[in-house]
Structure formats: C-alpha cells, structure tokens
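S.K.:
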Amino acid sequence: MAVMNLSDVAPYWLWQWMDIQGLLMMLCVFLIVKTIRDRPPRNFPPGPFGLPVIGNFLNISPSDPFGSFCKILGDYGDIASLSFGNKRFLLLSGWKTLREAFVEKADAFTDRPSYPINKRLCKGLGLISSNGHTWRQQRRFALSTLKYFGVGKKTLETSILEESRFLYEAITNEQGKPFEPHNILHNAVANIICSLVFGHRFEYDDLQFHEMLKISAEIFQLPITLWGRLYNSFPILMEFLPGKHQSTFSNSKKIKMFIQEEVKKHRETWDPSEPRDYIDCYLEEIKKCDDHTSGFNEENLLYSVIDLFAAGTETTSNTLLWGLLYMAKYPEIQEKVQDEIDGVIGQERQPSMDDRPSMPYTYAVIHEIQRCANILPSTPPRVCTKDTTIAGYDIPKGVVVVPMLMPILFDKSEYQTADRFNPEHFLEKEGKFVKRDNFMPFSIGKRVCPGEQLARMELFLFFTSFLQRFTFCIPQGVELTMEFVIGIARGPKPFKICAIPRIK
-4 MAVMNLSDVA PYWLWQWMDI QGLLMMLCVF LIVKTIRDRP PRNFPPGPFG LPVIGNFLNI
56 SPSDPFGSFC KILGDYGDIA SLSFGNKRFL LLSGWKTLRE AFVEKADAFT DRPSYPINKR
116 LCKGLGLISS NGHTWRQQRR FALSTLKYFG VGKKTLETSI LEESRFLYEA ITNEQGKPFE
176 PHNILHNAVA NIICSLVFGH RFEYDDLQFH EMLKISAEIF QLPITLWGRL YNSFPILMEF
236 LPGKHQSTFS NSKKIKMFIQ EEVKKHRETW DPSEPRDYID CYLEEIKKCD DHTSGFNEEN
296 LLYSVIDLFA AGTETTSNTL LWGLLYMAKY PEIQEKVQDE IDGVIGQERQ PSMDDRPSMP
356 YTYAVIHEIQ RCANILPSTP PRVCTKDTTI AGYDIPKGVV VVPMLMPILF DKSEYQTADR
416 FNPEHFLEKE GKFVKRDNFM PFSIGKRVCP GEQLARMELF LFFTSFLQRF TFCIPQGVEL
476 TMEFVIGIAR GPKPFKICAI PRIK
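For the sequence shown, this note's numbering begins at -4 and goes up steadily by one.
The structure is reproduced here in structure tokens:
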C-alpha cells in the first residue's frame, strides 16, 4: 500500500483553509454592503441598533411585544424606528404626534401596509385591511348601513337591553357559585353584531357558534403572536413549518364556510324591498353597483363580515371581562357605582342611554376600565404613502407605522396615578365627568373605529345592567390575577368569579 506523503496533503488543506477564508470574506462583504444599503436616511427617527438580516427581531419579547415597544419608546420618545428583515418600521405615540400623523397629515398615513400574514388571512380585503377607493367605499357603506339598523339610536338600545336580559338569566342560573364568564359574555356581545349582520342571535349553548367565536379570536390575535411575526419575516419558510399559524389558517376556512352558509340562506329568502340586515343590504349593493373598483362582491362581503364579527366582539367583550375583574378587586368602587345606579335608575327598570349624563361616576369607571385594561395597546399598522415629516423627522414613502396607544393611556403627565385604577382621572373636583382629549381607545382620524358608537352603547348598558343586578366578588380561596393574553385585543386570562344577586 502506498504511503501518502505529507507534502502531497498540504495543498489540499491549504485549499480548504483558503476556501473557508473566502467564504468568511464574502459573508463579511455581504453584511457590510447590506448594512450600508439598509442604513436609515438622514434625519430619520432614532432607534435601537439592529443586526444585519434580522434587524431588531431580538429586541422584541415573544411573551410581551407591546411591552417591548413601550420600553423602546420610553428610551427614544414619542417616535422611534425599528427594522425587521429589510423593512423599516416606526413606533408612534403621544397625543400630539398621533394627531399630527393621522389628522393633520392623514392623506399620507391612511393606508394599511401589505404584509404576508395579512395576504394569507384576508387578501387585503374587508374593512380593516383594504385601502384606497375600495376601503373608502366599504367604510362608507358599513357606517351608513349600521346607522340604518340602529347604531346610535333607540332601536339598537332595545336590542342590547333584550340581550342583557338573556345574560341576566344565564348568570342567575349560576346561583352565586364560581363560574367562568368568558363564553357567555363573548356570546352576548357577539349577538349584538349578529343581529345587525345576520338578522338573528345565537343561544349561549350553541357549540358551533362558540367554536366560531374561538376561531374569530385566533384570527384576530395571530398577527401579533410570535408565529405571526415569524410568518411576516420568513413567509416562504413558515409555509412549510408547523405551528399555531397553520392551525389558524386551517380554522379560518371554517368561519368562512359559516358565513357563506349565512349568505346562502339570505339569498334564498332575500326581499330587496325589505332589507333585514347588513348582508341583505350588501347583496343589494352588489346587484346595483357598477363601480367594480369599489369592491362590492361576495368575497369582500365575506371578509367585511369577519372584520365586523371579530372587531365588534373581541374589544367590547374583553373590556367587560376586565370590568368584572376590576369591580371584584375594588369592592369600594363597585359599591359607589351601585349607589349611583340605585339613586338614578333604581332596581325596577332597565338602564337607558338617557341615564348616562346623570351617572358621571359610573361613566368615569367605564373609562378607567378602558384605560387600565388597555384592550388595544396598538391599533393596526399604517404605511406612509408619500415622503413627509413627523415631529421634525423625515419619513420616506413605504415606511410602516405602528400607532401605540398604551403609552398615551399610561402617561403620568396626564394621569396623576397612571399605574393605579382610579376613576377620579375622569372626574372634576365637583364630581362631574371630564372628557380627556388624549383618551382615544378607538384611535383617531380617518381610520377611527367605525363601531365606536356601538361599543360605547354596549359598554354602558351591559356594565350598568350587571351592577344593577349583581355584586361581583372573588371566589373564596382564589387569588385574583390580572394577567392577560397576548394579542391585538388584550383580554384577561380565563378566571372564575361569583355573581351575587342584588335584586330579590
């Protein structure tokens, strides 16, 4: 057997070493070029240093992304920059900054960005994700149709009070024992949207409807979860990897089929001269609309209904759930609300929106629940559609903007005890309710929540009805937790509570 000479081997090892050196050098050159290319323009808002390729991905906590955003804003002020992959993002907060962007320069910040998970879930359609002429026409139609069916009027107030009676019966059946209020509360709030969109309500023991509510919540929460953020950063790779995103994509087909079945039933019983609900009106709009760019078709109907269903249920029901928790945690505040209810309404009749001006303390408590619960730490992102300036900084076209409401709601310069639940934040010394300009849980500008009037009505009537009829307390031996579930709409983790009847 021939013996290999060391001098024969040396060139091979030399070649291998040079090959590794070459690869490392190429990688270094690539990273240097990419860093220079991705360098922010002059006079761009400051932000934390980002790594090549992944940017600031490691700066964001998987368990509390909004907390990470608030920390960054705490370090840099009301405007800060981030990068994820090759995309630049801006975090915006502060009443003046958001007003400048979304009111004074609204034309530059009205559109939604196009990002992978949005395309996968709703194709950029519906009320939340659409843009331009299509969005304006869909929003105009939604606002006028909801108003036609009673939003802001006595007719819808009657529907909410009727639903509150069903809710009262369901809670009474618990006989003051510990129970989980999540399902029935989500069901009750969803029924108000269902009466407007489908023309009917669903019973609290309807298992299929409970599944639809659960799927709707998953869809609504996915974009802010770790799985959603990974999908936005690496969509091609994530299409082939298992995870929460895959189950949500699969489940989204079920809710589409559920709504398609409702649309089919409407088509079979539809009388254009007597529209019963949103779907009937939309079908009529499809029939008569000649403007194809306005987006009136059955696919857009499907995604618009999903948006109304999800946004109209998640935010309001989670606010009411937080309300029960805060009342159980602060029984002295609960008692003051009940005293005001007894003095203004009594226990013989149901509440009315006409009672609201006479109930400043109750109204202040509802606002403080919204502030502390912080249901929407951030509103859905916007994209800058033309070169402009914000707070003196140059903002180039194409930058994605994330409006942060959380720092505004906990601004210590505006709220004296910002970290504490205190209804006095919304009361004058004489006890009158005071409206705060920087309180904007429904956002501001052209993209302000179209269901704001409906949500305000639901919150007042449901919350007042609850405390008129029940006293809520923590079950014996249970430690109250104020932990929340990560998502676009921040709800409390499942909990049990006792509802002691007040009306004998």
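From the three backbone atoms N, C-alpha and C, an ideal C-beta is built for every residue, glycine too.
Identify which residue in E158, T92 and E234 has its Cα closest to the Cα of L456.
M.R.: Out of E158, T92 and E234, E158 has the C-alpha closest to the C-alpha of L456.
S.K.: Is G338 buried or exposed, if buried means 16 or more other CB atoms sit within 10 Å of its CB?
M.R.: exposed
S.K.: If you draw a straight line from the alpha carbon of G147 to that of R451, how long is it in whole angstroms?
M.R.: Rounded to whole angstroms, G147 to R451 spans 9 Å at the Cα level.
S.K.: Using a Cβ-Cβ cutoff of less than 7 Å, which residues in the same chain neighbour R94 once the five nearest sequence positions on both sides are dropped?
M.R.: I439
S.K.: Exposed or buried, which one is R344 when buried takes at least 16 other CB atoms within 10 Å?
M.R.: Counting Cβ neighbours within 10 Å, R344 comes out exposed, since fewer than 16 surround it.
S.K.: Looking at N433: is its Cβ nearer than 8 Å to the Cβ of I370?
M.R.: No, these two residues do not count as a Cβ contact at 8 Å.
S.K.: Taking DSSP as the reference, what is the three-state secondary structure of F82?
M.R.: Note on identity: in this sequence residue 82 is Lys, with Phe being the wrong assignment. K82: strand per DSSP, three-state reduction.
S.K.: DSSP has L87 in a bridge; who is on the other side?
M.R.: I74 and P398
S.K.: Which partner residues of Y388 appear in the DSSP bridge assignment?
M.R.: In DSSP, Y388 forms a bridge with I385.
S.K.: For R497, which residues in the same chain have their Cβ closer than 8 Å to its Cβ, ignoring the five residues on either side in sequence?
M.R.: Q333, Q342, Q463, R464, F465 and T466
S.K.: Near V378, which residues of its chain fall below 6 Å by C-beta distance, leaving aside the five closest residues on each side in sequence?
M.R.: D106, P108 and V395
S.K.: Classify V480 as buried or exposed, calling it buried when 16 or more other Cβ atoms lie within 10 Å of its own Cβ.
M.R.: exposed
S.K.: So for C493, helix, strand or coil by DSSP?
M.R.: Residue state for C493 is assigned as strand, using DSSP reduced to three classes.
S.K.: Just to confirm my understanding: we take C276, look at its own chain, exclude 5 residues before and 5 after, and list those with CB closer than 6 Å. What are they?
M.R.: Cβ within range, chain order: T140 and P270.
S.K.: Determine the closest residue to I49 out of R224, A413, E423 and I364, with distance taken between C-alpha atoms.
M.R.: R224
S.K.: Which residues does DSSP list as the beta-bridge partners of Y428?
M.R.: According to the sequence shown, residue 428 is Phe rather than Tyr. Note: F428 sits in a beta bridge opposite L422.
S.K.: Are T459 and T384 touching if we call contact CB-CB under 8 Å?
M.R.: no
S.K.: What do you reckon, are the CB atoms on L87 and A96 nearer than 8 Å?
M.R.: yes
S.K.: Under the rule that 16 or more other beta-carbon atoms within 10 Å means buried, what is M252, buried or exposed?
M.R.: exposed
S.K.: Sort M399, A494 and M435 by Cα distance to F61 and report the nearest one.
M.R.: Closest in alpha carbon position to F61, among M399, A494 and M435, is M399.
S.K.: In angstroms with no decimal places, state the Cα-to-Cα distance between Y163 and F461.
M.R.: 8 Å
S.K.: Give me the Cα-Cα distance between L422 and I364, rounded to the nearest whole angstrom.
M.R.: 14 Å
S.K.: Apart from the five residues just before and just after A323, which ones in its own chain have a Cβ nearer than 7 Å to its Cβ?
M.R.: Excluding sequence neighbours, A323 sits near F467, C468, I469, L475 and I492.
S.K.: Can the beta-carbon of T308 be found less than 8 Å from the beta-carbon of H181?
M.R.: T308 places its beta carbon less than 8 Å from that of H181.
S.K.: Going by DSSP, what residue range makes up the beta strand (DSSP E) through T466?
M.R.: F465 to C468
S.K.: What does the Cβ neighbour count give for N38, buried or exposed, with the cut at 16 atoms within 10 Å?
M.R.: exposed
S.K.: If I'm right that L85 touches V397 with Cβ under 8 Å, what's the distance once you round it to whole angstroms?
M.R.: 7 Å
S.K.: From the DSSP output, read off the bridge partner residues of L544.
M.R.: Residue numbering for the chain in the displayed model covers -4 to 499; residue 544 lies beyond these limits and cannot be assessed.
S.K.: Return the first residue and the last residue of the alpha helix (DSSP H) that L120 is part of.
M.R.: Here L120 belongs to no alpha helix (DSSP H), and DSSP marks it neither H nor E.
S.K.: So what's F416 in DSSP terms, helix, strand or just coil?
M.R.: coil
S.K.: Quick one: using the 10 Å Cβ neighbour count with 16 as the cut-off for buried, is H240 buried or exposed?
M.R.: buried
S.K.: Considering only residues of the same chain and omitting the five flanking positions on each side of K488, which have a CB-CB separation below 8 Å?
M.R.: Excluding residues within five positions, the ones whose Cβ falls inside 8 Å are T476, E478, F479 and V480.
S.K.: DSSP three-state call for R271: helix, strand or coil?
M.R.: coil
S.K.: Would you mind reading off the limits of the alpha helix (DSSP H) that contains A484?
M.R.: Premise fails: A484 is in no alpha helix (DSSP H) and is neither H nor E.
S.K.: Report buried or exposed for N113, applying the criterion of at least 16 other Cβ atoms within 10 angstroms of its Cβ.
M.R.: buried
S.K.: Which partner residues does S109 have in the DSSP bridge list?
M.R.: Residue pairing of S109 in beta bridges, as defined by DSSP: absent, with no partner found.
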